[in-house]
Structure formats: C-alpha cells, structure tokens
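Here is the structure we will look at.
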Amino acid sequence: MTSTKPSSTAPKPTESAPAAALHVGTSDPRTLIMNNLRQSGIFVALVVIVALFAFLTDGLSLSPGNITNIVLQYSYILVLAIGMVIVIIGGHIDLSVGSVVALTGAVSAVVVIRQGHPWWLGVLAAIAVGLAVGAWHGFWVAYVGIPAFIVTLAGMLLFRGLTLRVLDNISLSPFPAEYNRIAAGFLNGLIGGDGYDAFTLLIGGIAVAGYVVSCFRTRVARIRYQQPVESFALFVARMALVGAVVMYFAWQLANARGLPIVLIILAVLVLVYGLLTRRTVFGRQVYAIGGNLSAAMLSGVKVRTVNFWIFVNMGFLSAVAGIIFSSRSNGAQPAAGNMFELDAIAAAFIGGAAVTGGVGTVVGAMVGGLIMAVMSNGMQLMGVDQSMQSVVKGLVLLVAVAFDVYNKRRAGANR
Amino acid sequence: MDDNILEMRHITKTFPGVAALQDVSLAVRRGEIHAICGENGAGKSTLMKVLSGVYPSGSFDGEILFDGEPVHFRGIRDSEDHGIVIIHQELALVPYLSIAENIFLGNERRGRSGLIDWNRTNAEAAALLSSVGLHENAVTPVVQLGVGKQQLVEIAKALSKKVRLLILDEPTAALNDLDSAHLLDLMRRLREQGITCIMISHKLNEITAIADSTTVLRDGRTVERLDMGSGEVTQERIIRGMVGRDLDSFYPDRVSSPGEEVLRIEDWSVRHPTQDRLVVDGASLDVRAGEVVGIAGLMGAGRTELAMSVFGRSYGRDITGRLFMHGREIKARSVAEAIGNGIAYATEDRKRFGLNLIEDIRRNISSAGLRKLARLGWVHDNEEIKVAETSRRDMNIKAPSVMSVVGKLSGGNQQKVVLSKWLFTDPDVLILDEPTRGIDVGAKFEIYTIVNRLVAEGKAVIIISSELPELLGMCDRIYTLSTGRITGVVPVAEATQEKLMELMAKDKEPAR
Numbered sequence: 001m002t003s004t005k006p007s008s009t010a011p012k013p014t015e016s017a018p019a020a021a022l023h024v025g026t027s028d029p030r031t032l033i034m035n036n037l038r039q040s041g042i043f044v045a046l047v048v049i050v051a052l053f054a055f056l057t058d059g060l061s062l063s064p065g066n067i068t069n070i071v072l073q074y075s076y077i078l079v080l081a082i083g084m085v086i087v088i089i090g091g092h093i094d095l096s097v098g099s100v101v102a103l104t105g106a107v108s109a110v111v112v113i114r115q116g117h118p119w120w121l122g123v124l125a126a127i128a129v130g131l132a133v134g135a136w137h138g139f140w141v142a143y144v145g146i147p148a149f150i151v152t153l154a155g156m157l158l159f160r161g162l163t164l165r166v167l168d169n170i171s172l173s174p175f176p177a178e179y180n181r182i183a184a185g186f187l188n189g190l191i192g193g194d195g196y197d198a199f200t201l202l203i204g205g206i207a208v209a210g211y212v213v214s215c216f217r218t219r220v221a222r223i224r225y226q227q228p229v230e231s232f233a234l235f236v237a238r239m240a241l242v243g244a245v246v247m248y249f250a251w252q253l254a255n256a257r258g259l260p261i262v263l264i265i266l267a268v269l270v271l272v273y274g275l276l277t278r279r280t281v282f283g284r285q286v287y288a289i290g291g292n293l294s295a296a297m298l299s300g301v302k303v304r305t306v307n308f309w310i311f312v313n314m315g316f317l318s319a320v321a322g323i324i325f326s327s328r329s330n331g332a333q334p335a336a337g338n339m340f341e342l343d344a345i346a347a348a349f350i351g352g353a354a355v356t357g358g359v360g361t362v363v364g365a366m367v368g369g370l371i372m373a374v375m376s377n378g379m380q381l382m383g384v385d386q387s388m389q390s391v392v393k394g395l396v397l398l399v400a401v402a403f404d405v406y407n408k409r410r411a412g413a414n415r
Numbered sequence: 416m417d418d419n420i421l422e423m424r425h426i427t428k429t430f431p432g433v434a435a436l437q438d439v440s441l442a443v444r445r446g447e448i449h450a451i452c453g454e455n456g457a458g459k460s461t462l463m464k465v466l467s468g469v470y471p472s473g474s475f476d477g478e479i480l481f482d483g484e485p486v487h488f489r490g491i492r493d494s495e496d497h498g499i500v501i502i503h504q505e506l507a508l509v510p511y512l513s514i515a516e517n518i519f520l521g522n523e524r525r526g527r528s529g530l531i532d533w534n535r536t537n538a539e540a541a542a543l544l545s546s547v548g549l550h551e552n553a554v555t556p557v558v559q560l561g562v563g564k565q566q567l568v569e570i571a572k573a574l575s576k577k578v579r580l581l582i583l584d585e586p587t588a589a590l591n592d593l594d595s596a597h598l599l600d601l602m603r604r605l606r607e608q609g610i611t612c613i614m615i616s617h618k619l620n621e622i623t624a625i626a627d628s629t630t631v632l633r634d635g636r637t638v639e640r641l642d643m644g645s646g647e648v649t650q651e652r653i654i655r656g657m658v659g660r661d662l663d664s665f666y667p668d669r670v671s672s673p674g675e676e677v678l679r680i681e682d683w684s685v686r687h688p689t690q691d692r693l694v695v696d697g698a699s700l701d702v703r704a705g706e707v708v709g710i711a712g713l714m715g716a717g718r719t720e721l722a723m724s725v726f727g728r729s730y731g732r733d734i735t736g737r738l739f740m741h742g743r744e745i746k747a748r749s750v751a752e753a754i755g756n757g758i759a760y761a762t763e764d765r766k767r768f769g770l771n772l773i774e775d776i777r778r779n780i781s782s783a784g785l786r787k788l789a790r791l792g793w794v795h796d797n798e799e800i801k802v803a804e805t806s807r808r809d810m811n812i813k814a815p816s817v818m819s820v821v822g823k824l825s826g827g828n829q830q831k832v833v834l835s836k837w838l839f840t841d842p843d844v845l846i847l848d849e850p851t852r853g854i855d856v857g858a859k860f861e862i863y864t865i866v867n868r869l870v871a872e873g874k875a876v877i878i879i880s881s882e883l884p885e886l887l888g889m890c891d892r893i894y895t896l897s898t899g900r901i902t903g904v905v906p907v908a909e910a911t912q913e914k915l916m917e918l919m920a921k922d923k924e925p926a927r
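Chains as they are written, first to last, in the working numbering: chain B, 1 to 415; chain F, 416 to 927.
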C-alpha cells in the first residue's frame with residue numbers, strides 16, 4: 001500500500017515554499033470567522049469582557065497593579081483548568097481537585113512548618129501526594145470501571161477528610177520566605193530599567209518572537225504540504241495583534257512589580273501541556289477516547305492506561321495548584337480550595353470543551369479561566385455583591401455551553 | 416377480490432443518493448401470516464418503517480390502504496392507534512421495570528385520581544401474559560427474563576394496544592429452537608384469534624412451516640408474491656426469488672494467484688459476553704497471501720463475532736482456539752497485539768466503531784498506526800499530513816482537505832477513510848466486515864478496485880458480507896457460517912447463490 005511507504009507522489013519540499021507562504025491562502029473573512037467561530041468566539045468574548053470592565057471601572061481593571069493581581073489571584077485555577085480540560089476531553093470529570101489542593105497544601109505545610117524541613121521537601125511531598133491521589137482515582141476509573149463522577153465525588157469527601165486529619169483541624173502558618181516566593185515572588189531588576197523592569201519586557205519580547213517564529217514555521221510547513229492556510233495579510237494581522245497584546249501586558253507588569261514567578265510556572269505548563277495534547281501520542285489518544293471510545297479501542301488504543309494517566313496527571317497538577325495556593329495564602333487551612341473544581345470545570349467548558357468529550361484545548365481552557373478571572377476581579381473592583389457575582393458567573397457558564405451546543409447542532413445540520 | 420387488511424401501493428422511498436424502495440407493493444389478507452423475505456438490504460425494514468410511520472407520510476411516494484381506507488401516519492403513535500404494532504429485532508423493553516410496567520409503558524392504567532392503578536395494571540398484565548403463554552409473575556423485572564420470554568412480553572404489550580396487524584422483524588433470530596417453536600405456536604394461535612401477522616424472516620424453514628403467503632423483495636423492489644397454502648412452495652423456490660439476479664461486470668476483474676498461508680484459525684469458540692451460549696462454535700478457516708476469502712452467513716450467524724474475537728479478543732469471553740500467522744502460533748490478546756501481528760479489522764458499523772466522527776480525516780487515518788509517525792511519543796505532524804494526503808489521493812477520498820471533519824463525509828468516503836486507517840498499519844491480513852454497507856454503487860466499485868489492488872500486492876483479505884453477489888464477485892473461496900459453525904467452504908468456481916444460501920440456512924432441524 002502506497003500510504004505506508006514514502007511515496008514519490010508526495011509533495012516535494014520546494015525552495016519556494018517560504019516565499020509562497022507570503023501570499024497563499026483564504027482571505028474571505030466571513031468564511032474564516034464562521035469556520036472558526038467556536039475557537040475565535042471565546043477570544044472575542046475575552047476581549048469584550050476586558051473592554052467592558054475597563055470601561056465600567058474607569059480603566060482601573062487594566063492598571064499595572066491590578067493586572068499583576070489577576071495573575072497572582074487566579075493562577076492556581078488556571079493550573080487546575082489545564083488538567084481539567086484534559087480530563088474532560090477524555091470524557092470524564094474530576095470533582096475532587098479542590099480537596100486535593102487542600103490536601104497537598106496541608107501535607108506541604110506539615111512537612112515544612114510543623115516538621116521544619118526545607119521548603120523544597122514540602123514541594124516534593126505535595127507532588128508525591130498529588131500523584132498518589134491521581135493514581136487512586138485512575139485505578140478506580142480505568143481498571144475497575146467506575147464512572148469518574150462517582151470516583152471523584154468520593155475523592156472529594158475522602159481527601160477533604162484526610163486534609164482535616166493531616167492538619168488536626170487547625171490552620172498552619174506561616175511558611176518560610178523561600179516557599180512564600182513561589183506564589184508571591186517576582187523576577188525583576190535583573191537588567192535594570194528606568195521606572196519599569198526591562199527584564200520583564202525582554203521576556204515578553206522573547207515570547208512574542210518565539211510565537212511568531214513557531215506560527216510562521218507551521219505556516220510554511222502547511223503550504224509545503226499543500227494545506228489551506230489563512231491569507232498572508234490576515235496572518236500578519238494576527239501576529240501583530242497577539243504581539244501587541246502580549247507586549248502591553250508585559251509593559252503593565254514591568255510597570256508594577258516585574259515578572260511574577262507563578263506566571264513563569266503557568267507559561268511553562270501551558271506550553272508543555274499545549275504540546276502534550278496536540279503533538280504527542282498520549283494527547284492524541286485522549287482525544288480519540290473522548291471522541292469515540294469504541295473506535296479508539298478497536299484502533300489499538302490502550303484505553304485503560306490512557307485513562308489512568310489522565311487522572312495521575314490531574315493529581316500532579318492539583319498538587320502544583322496546591323503548592324501555589326498554600327504559598328500564596330502563606331499557610332494551610334482545612335477549608336482551602338473549596339469549590340475550586342467548579343471554577344476549573346467552568347473554565348474548561350467556557351473555553352470550548354464539549355460535555356460529551358473529544359473536544360477542547362488547553363489554550364481554550366486558559367481563555368475560559370481568564371474570562372472568569374477578569375469577571376470576578378472586575379466585579380470585585382466595582383464592589384458588586386458576592387451574591388450577584390455568583391449569579392453572573394453561573395449565567396456566563398450556561399450561555400457559553402448553550403452556545404457550544406447550538407454550534408454543534410449547526411455543524412450537524414450542515415452534514 | 417381478496418379481503419385485504421393492508422395494501423401498500425407503489426411505495427418509493429429514497430435516501431440521499433440511494434433508492435431504498437422502488438415501486439414496492441404489498442397486499443396482506445385479513446387474518447393471515449404473511450412473510451416478507453429478501454436479502455439484507457433488500458428493503459424489508461425500510462418498508463416496515465414506512466408502514467409503521469417511522470418515516471412519516473409525505474417522506475415517501477405511494478399510498479397505504481388499511482381496512483380499505485387510505486391512511487397517512489405521521490408517527491408510530493398514529494399507526495398504533497390503527498392497531499398496527501411493530502416489534503423490532505432489537506427488543507425495546509426497559510430492563511429494570513417490571514413486565515407489567517413495560518407492557519403498559521406510555522399507556523398506563525390509571526385510577527380515578529390520575530395515579531397509576533397498580534392492581535389493575537398487574538391484573539391486566541397477568542391476563543395478557545397467560546394469553547401469550549408466558550408463566551411469569553407480572554412484577555418480575557424484565558432483565559431477569561431470557562430473550563425468548565422478552566419477545567413474549569413484547570407481544571403481550573402489542574396485544575394490550577388492541578393490535579390488529581402485528582409486525583415481527585426477525586422474531587426468532589436470537590432465539591434457540593425451543594423458544595422459536597413456542598413463538599411460532601403463539602403466532603398460529605394469534606391467527607386463530609383473527610390477528611394478522613407480518614413476519615420478516617431469514618429462516619426459510621420457518622416461513623414454509625407457518626406462512627400463508629410470502630412476498631419476496633430484492634434490491635428495493637417487489638419480486639413476487641407466493642401463495643404458500645398449496646404446500647408447493649419450497650425453500651429452494653423462495654431462494655430463487657431472493658437471489659434471482661445476474662452477476663454482471665459490476666466486479667472488477669482480478670487474476671487470482673494465492674501464495675503462502677497468512678492467517679489460520681483453528682477450532683475457534685467464543686461465548687456470548689453476557690448470555691450462556693456459544694456464538695462461535697469450533698470454527699476453523701485459513702486465508703493465503705493474494706487471496707480473498709469470503710464469509711457468508713445470515714444475521715446472527717456469528718460472522719462479526721468471529722472476526723472481532725480474532726481481532727485482539729474485542730468481542731466475547733471464554734475464547735478458545737488457536738491462531739497462526741505465517742504458520743507460527745500467535746497470541747493476540749489485545750487489539751494492539753493483533754495490529755502488531757499484522758491483523759486489521761474494518762468494522763461493519765463505521766460510525767459507531769470505526770471513526771471518530773468529530774475528528775478530521777488526517778487524525779482518523781493515523782489513529783491506528785500512530786506509533787509509526789511518532790518518535791519517543793512525539794507525533795511528527797507534517798509526516799502525518801503527508802500520509803493523509805497520500806491516502807486521499809490513492810483512495811480518491813472526496814473532501815476539500817485532509818483537515819475536513821469525517822462526520823461530514825458521505826458513507827463511501829468515510830469507508831475509504833476507514834480503509835486508509837487500516838492500510839496505514841501495514842497489515843498482512845485485512846478483515847473487511849460489510850465493506851460496502853450503505854454506500855452507493857460508484858463507491859462500491861472503487862472499494863472493490865482497492866481490494867483487488869491490495870491482493871495484487873500480496874495481502875490476504877477476508878470479506879464478510881450479507882450480499883452474496885458481492886462475495887461471488889470478489890472472493891476466491893467462500894466459507895459459510897450458520898449459528899456459529901462453519902457449514903462449508905466453497906471455491907468460487909463451484910459456488911452459486913442457491914448453494915451458499917442452502918449452506919447458510921443449514922441449521923439444526925427446523926423449529927416447529
């Protein structure tokens with residue numbers, strides 16, 4: 001069979017491909033927008049919400065201090081959302097992450113605060129506990145075949161209980177300064193700057209350059225393999241827009257306290273998990289299982305193994321979130337992480353993940369999480385009542401998923 | 416003029432690209448048992464769906480007269496109001512509700528307060544049960560009954576709706592001999608009570624035993640109506656009606672030159688995953704390089720079950736028997752191992768088991784052989800696009816791009832994606848289960864051409880098909896399977912449809 005060996009009819013890499021990359025593609029904006037409504041929709045929604053709250057708070061929500069604040073305040077939800085979107089793509093759900101955040105933070109606090117070990121031992125202990133919890137869930141879901149809803153509902157109660165046991169029902173604080181730096185620390189002043197932090201701008205610049213280069217290379221490869229791409233003008237516009245947004249964001253951070261360490265952690269996680277979901281065999285198999293379990297099984301996917309590791313990974317990321325949260329709150333509380341699971345689930349669904357599995361992206365979940373974060377933060381700045389905040393968040397989640405369902409029906413009707 | 420309870424006149428029903436029924440007429444006399452037979456895909460089920468209102472009035476051409484009056488059903492509810500009840504092959508009972516609750520589901524017996532009157536429900540259910548000869552307590556959950564008894568519950572449910580015309584779709588396909596005999600007895604008794612029955616069946620011995628007349632369908636057309644009363648109509652006569660069609664040049668030519676043996680299955684037995692019966696019973700077969708081997712069998716004969724159990728034990732339990740690849744015994748305990756050993760299985764139900772419909776062509780094609788595109792767990796996605804593009808060209812998959820979502824493709828193109836996916840795993844033996852089901856004539860020809868190309872390259876191919884002409888046109892040898900047993904193997908030169916049909920229907924003695 002020809003598809004199994006390098007075929008002479010395969011498109012040959014040509015010297016002119018990069019040149020062609022400059023002027024090939026679809027430019028009909030209507031087609032592009034309609035085709036990508038699902039993906040681009042949430043970006044548009046994020047922009048609208050940011051603009052709305054900038055207007056409602058007289059620009060306060062976009063002030064350097066507040067942007068830094070949003071990063072610090074919601075980073076752990078975003079970390080959880082990365083794991084959650086993978087769980088949801090696989091067709092499962094995890095209700096226990098809030099309790100696991102509490103448990104891992106508590107273990108870390110016991111190791112570092114009560115027993116006086118160095119800060120990194122606390123981090124390792126928390127991650128070990130997170131992995132163990134994930135393996136526990138994975139065992140029941142993958143090998144015993146209990147629905148994840150039940151397994152993690154049990155886990156939510158179980159690990160909340162263990163948290164109380166570990167902490168003897170009291171809060172532990174404070175952490176030593178090194179531990180505290182994880183979530184409250186900044187990288188700044190490394191290369192100076194006059195009234196702003198040049199290092200933060202440099203990192204921002206590197207990020208933008210890396211993004212543009214990677215997108216351009218993808219584009220060149222696509223064209224070389226004769227795949228449709230967007231028009232070059234649109235491509236440039238997209239690059240310029242992303243670059244401007246990132247550099248504005250970096251500028252605001254540079255004018256506040258510099259580059260938060262959690263932001264670096266988060267960026268690395270987004271990058272790694274973005275690649276993991278799109279580019280690895282494991283990532284592909286997660287989509288395959290969520291998209292059609294039977295077909296995945298009959299294609300030789302080891303469904304149990306994949307499901308097991310999905311949950312181990314969720315446990316790992318819960319531990320990372322637990323470390324960040326305990327560091328940020330500078331201690332461990334028995335009630336820590338309450339309802340975090342719901343924020344993480346909401347972020348994934350707002351970000352375009354499908355309730356039935358098989359659909360979703362890490363970037364989408366990040367944008368979904370940011371939508372929630374900007375809304376909460378903006379409403380807090382405006383002094384909106386806690387009760388109304390909850391009402392608004394609930395409605396946004398409902399509308400987002402309704403939009404998703406509507407979109408699917410539309411796609412189905414096109415068949 | 417006959418006293419017809421039902422007349423369907425000039426029914427034509429088309430689906431996009433396919434004419435499922437063309438000018439079909441059916442006349443059923445009052446109080447008779449009327450059999451409808453034909454090969455799979457001949458249009459029997461479609462005709463019954465037209466009759467019962469599953470396809471509402473207006474979605475087909477032609478007219479239906481019931482009791483001499485023209486009727487227009489907009490849904491099942493309408494047809495049931497006229498006393499037409501259909502019992503599908505897959506029984507539609509709710510497992511954890513009681514027999515009585517199932518019988519009156521959607522038709523609940525209420526008391527004056529509007530609440531369900533349980534005494535009345537259970538008493539009426541008990542009466543209905545005794546009339547169908549089922550000796551079970553009406554409050555027993557349906558899940559505790561075997562398939563045969565569940566069938567009786569369905570009939571009791573039909574009786575509760577004051578049924579006048581009862582349609583049974585393959586009623587005995589899943590039943591053992593004893594249960595089949597009971598069911599046929601019950602049908603005779605219903606006939607005495609004046610209830611008309613339409614029975615769709617593959618089991619010709621049952622038809623000759625019980626039916627008063629038989630309508631034969633073929634390729635969406637009425638072939639003939641046989642009066643069974645005289646006792647002169649034999650099974651052979653019905654078979655001739657069902658298959659009487661010439662093999663034209665519909666199948667591309669191929670020079671056959673089988674080589675070494677590739678796959679051999681010895682004494683293969685498989686038990687049903689939940690019921691205590693053998694679905695495959697001591698089957699042995701082999702296929703050589705450059706050879707196409709067919710498996711023929713009626714519905715429920717165990718064809719798919721045989722193939723799937725060989726393919727990494729993806730069906731059944733208590734699997735026994737031996738597998739050989741190239742003369743060497745292998746253990747294919749998981750699908751991954753089967754693929755690793757060079758076995759590929761393209762399912763009969765591509766939408767449920769073959770494709771991830773929300774994913775694009777590229778990722779569907781790579782899904783079974785993804786490891787070949789990956790190093791250290793990282794997928795080389797440009798290479799993946801190349802593979803997909805090559806398949807798209809070789810297979811002539813009609814889609815704007817390999818990034819197109821598979822769910823939006825036509826059946827024929829979807830099937831080509833399934834084939835591409837399996838060819839990318841570079842198998843030595845390819846098992847194709849109903850490879851042309853639900854796809855149009857042009858795409859069928861393309862699929863046949865692809866199969867011939869593979870065979871010329873030295874692959875071994877096993878085709879499972881319900882269409883006998885397809886097997887006769889494509890295969891070198893044809894195995895016949897009946898109730899899990901291999902009942903024969905016929906070289907294509909000696910095979911005729913009649914001969915195959917005989918072997919496929921070779922059962923234990925007719926159920927009476």
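Note that the Cβ used here is the ideal one computed from N, Cα and C, for glycine as well.
Requested in this report: Could you tell me whether any Cβ in chain B is nearer than 8 Å to the Cβ of F:Glu-516?
Outcome: Here residue 516 of chain F is taken as the residue at index 101 of the second sequence, counted from 1. Closer than 8 Å: no.
Query raised in the report: Which residues share a DSSP beta bridge with F:Trp-793?
Result: For the purposes of this step, residue 793 of chain F is taken as residue 378 along the second sequence, with counting starting at 1. Among the bridge pairs identified by DSSP, F:Trp-793 is matched with B:Thr-280, F:Arg-790.
Query raised in the report: So which residues on chain F does B:Met-388 lean against when the C-beta distance must stay under 7 Å?
Result: Within the first sequence, residue 388 of chain B is the residue found at index 388, counting from 1. Per Cβ cutoff of 7 Å: no residues; B:Met-388 is ~37 Å from chain F at best.
Query raised in the report: For chain B, is any of its Cβ atoms less than 8 Å away from the one on F:Ala-783?
Result: Taking the second sequence and counting its residues from 1, one reaches residue 783 of chain F at position 368. F:Ala-783 counts as touching chain B.
Query - Proximity test, Cβ basis, 8 Å: F:Ala-751 and chain B - result: The residue labelled residue 751 of chain F in the question sits at position 336 within the second sequence. Interface residue, yes.
Query raised in the report: In the structure shown, what three-state DSSP assignment does F:Ile-812 receive?
Result: As a working note, residue 812 of chain F is residue 397 in the second sequence. DSSP, read as helix, strand or coil, puts F:Ile-812 in coil.
Query raised in the report: So is F:Arg-527 buried or exposed if we call it buried at 16+ other beta carbons inside 10 Å?
Result: Reading the second sequence from its first residue, position 112 is the one you call residue 527 of chain F. Answer is exposed; the Cβ neighbour count stays below 16.
Query raised in the report: Do you know offhand how far B:Gly-105's Cα is from B:Gly-322's?
Result: Here the question's residue 105 of chain B lines up with position 105 in the first sequence. Here the question's residue 322 of chain B lines up with position 322 in the first sequence. If I take the Cα positions, the gap works out to 5 Å.
Query raised in the report: Given a limit of 9 Å on CB to CB distance, which residues of the segment 295-315 of chain B reach chain F?
Result: Under the 9 Å Cβ criterion, the segment 295-315 of chain B contributes Ala-295, Ala-296, Met-297, Leu-298, Ser-299, Gly-300, Val-301, Lys-302.
Report task. Ignore the nearest five residues each way along the sequence and tell me which others in F:Ser-729's own chain have a CB closer than 7 Å to its CB. Result -> Working through the second sequence from its first residue, we reach residue 729 of chain F at position 314. Cβ neighbours of F:Ser-729 beyond the five flanking positions: Met-723, Val-750.
**Report entry** DSSP beta-bridge partners of F:Ile-499
**Finding:** Numbered from its first residue, the second sequence carries residue 499 of chain F at position 84. Answer by DSSP bridge pairing, in chain order: F:Leu-580.
Query raised in the report: For the beta strand (DSSP E) that F:Cys-452 lies in, which residues bound it at each end?
Result: Within the second sequence, numbered from 1, the residue matching residue 452 of chain F stands at position 37. Unbroken beta strand (DSSP E) run through F:Cys-452: 448-452.
Query - the ligand MG heavy atom lying under 7 Å from the CB of B:Phe-55 - result: In the structure shown, the ligand MG is absent, as is every other ligand, since no ligand is present at all.
Query raised in the report: Would you say B:Ser-63 and B:Ile-324 are within 8 Å of each other, going by their C-beta atoms?
Result: Here residue 63 of chain B is taken as the residue at index 63 of the first sequence, counted from 1. Here residue 324 of chain B is taken as the residue at index 324 of the first sequence, counted from 1. No; because the gap between Cβ atoms is not below 8 Å, this pair is not in contact.
Report task. Name the two residues that bound the continuous beta strand (DSSP E) containing F:His-687. Result -> Taking the second sequence and counting its residues from 1, one reaches residue 687 of chain F at position 272. Premise fails: F:His-687 is in no beta strand (DSSP E) and is neither H nor E.
**Report entry** Cα-Cα separation, B:Lys-393 to F:Val-794
**Finding:** To locate residue 393 of chain B, count along the first sequence from 1; it is residue 393. To locate residue 794 of chain F, count along the second sequence from 1; it is residue 379. If you take the alpha carbons of B:Lys-393 and F:Val-794, they lie about 38 Å apart.
Query - Check whether F:Glu-798 and F:Leu-785 have beta carbons under 8 Å apart - result: Position 383 of the second sequence holds residue 798 of chain F. Position 370 of the second sequence holds residue 785 of chain F. Going by C-beta atoms, F:Glu-798 is not nearer than 8 Å to F:Leu-785.
**Report entry** Where F:Met-714 falls, given that 16 or more other Cβ within 10 Å makes a residue buried
**Finding:** Position 299 of the second sequence, counting from 1, holds the residue named residue 714 of chain F. So F:Met-714 counts as exposed.
Query raised in the report: Given that B:Gly-461 touches chain F, what residues does it touch there, using C-beta distances under 7 Å?
Result: For residue 461 of chain B there is no data in the structure shown, the boundaries of chain B being 1 and 415.
Query raised in the report: Between F:Ile-501, F:Arg-640, F:Pro-673, which lies nearest to F:Met-614 when the distance is taken from Cα to Cα?
Result: Taking the first residue of the second sequence as position 1, residue 614 of chain F is located at position 199. Ranking F:Ile-501, F:Arg-640, F:Pro-673 by Cα distance to F:Met-614 puts F:Ile-501 first.
Query raised in the report: Under the rule that 16 or more other beta-carbon atoms within 10 Å means buried, what is F:Phe-594, buried or exposed?
Result: By 1-based counting over the second sequence, the position of residue 594 of chain F is 179. Checking the sequence, you will find Asp at residue 594 of chain F rather than Phe. It counts as buried.
**Report entry** C-alpha distance - F:Ala-910 paired with F:Leu-887, whole-angstrom precision
**Finding:** For the purposes of this step, residue 910 of chain F is taken as residue 495 along the second sequence, with counting starting at 1. For the purposes of this step, residue 887 of chain F is taken as residue 472 along the second sequence, with counting starting at 1. When rounded, the distance between both Cα atoms is 7 Å.
Requested in this report: With distances taken Cα to Cα, identify the nearest neighbour of F:Arg-900 among F:Gly-705, F:Ile-754, F:Glu-681.
Outcome: For this step, residue 900 of chain F is matched to residue 485 along the second sequence. Nearest C-alpha to F:Arg-900: F:Glu-681.
Query raised in the report: Taking Cβ-Cβ distances below 7 Å as the criterion, which residues of the segment 791-819 of chain F are in contact with chain B?
Result: Gly-792, Trp-793, Val-794, Asp-796, Asn-797, Ile-800, Lys-801, Val-802, Glu-804, Thr-805, Ser-806, Arg-808, Asp-809, Ser-816, Met-818
Requested in this report: Work out the CA separation of F:Val-443 and B:Ile-88 for me, nearest whole Å.
Outcome: As a working mapping, residue 88 of chain B is identified with position 88 in the first sequence. As a working mapping, residue 443 of chain F is identified with position 28 in the second sequence. Each residue's Cα considered, the two are about 54 Å apart.
Query raised in the report: What does F:Val-789 touch in chain B if you count any residue whose Cβ is under 7 Å from its own?
Result: Start at 1 with the first residue of the second sequence, and residue 789 of chain F comes out as number 374. The amino acid at residue 789 of chain F is misidentified as Val; the sequence shows Ala. In chain order: Val-281.
Query raised in the report: Name the DSSP bridge partner or partners of F:Leu-700?
Result: Walking along the second sequence from the start, residue 700 of chain F turns up at place 285. DSSP lists F:Ile-680 as partners of F:Leu-700.
Report task. With a cut-off of 8 Å on the beta carbons, I'd call B:Ile-191 and B:Ala-198 a contact; round off their distance for me. Result -> Stepping through the first sequence from its first residue, residue 191 of chain B is reached at position 191. Stepping through the first sequence from its first residue, residue 198 of chain B is reached at position 198. The pair is a contact, with the Cβ atoms about 5 Å apart (cut-off 8 Å).
Query raised in the report: Where F:Leu-662 and F:Pro-884 are concerned, what is the direct C-alpha to C-alpha distance, given to the nearest angstrom?
Result: As a first step, residue 662 of chain F is located in the second sequence; it is residue number 247 there, counting from the start. As a first step, residue 884 of chain F is located in the second sequence; it is residue number 469 there, counting from the start. For F:Leu-662, the pLDDT reaches just 43, beneath the cut-off of 50, and the residue's location in the model is therefore unreliable, although a value from the coordinates is still provided. Straight-line Cα distance between these residues: approximately 7 Å.
**Report entry** Inside the segment 168-231 of chain B only - alpha helix (DSSP H) runs reaching at least 4 residues
**Finding:** 177-184, 198-224
Requested in this report: May I have the straight-line CA-CA distance separating B:Gly-189 from B:Gln-252, to the nearest angstrom?
Outcome: Residue mapping note: residue 189 of chain B aligns to position 189 of the first sequence, counting from 1. Residue mapping note: residue 252 of chain B aligns to position 252 of the first sequence, counting from 1. Taking the straight line joining both Cα atoms gives about 15 Å.
Query raised in the report: Shortest alpha-carbon distance to F:Leu-590 belongs to which of F:Lys-572, F:Cys-612, F:Val-562?
Result: Counting from one through the second sequence, the residue named residue 590 of chain F turns up at place 175. Taking only the C-alpha atoms, the option nearest F:Leu-590 is F:Val-562.
Requested in this report: Spell out a yes or no on whether the segment 327-334 of chain B and the segment 148-155 of chain B are touching, meaning 3 or more CB-CB pairs, one atom from each, closer than 8 Å.
Outcome: For the pair of segments examined, the segment 327-334 of chain B was found not to touch the segment 148-155 of chain B: the number of CB pairs separated by less than 8 Å stays below three.
Query raised in the report: With distances taken between CB atoms, is the gap from F:Ala-515 to F:Val-547 smaller than 8 Å?
Result: On the second sequence, residue 515 of chain F is found 100 positions in, with the first residue counted as 1. On the second sequence, residue 547 of chain F is found 132 positions in, with the first residue counted as 1. Not a contact, by the Cβ cut-off of 8 Å.
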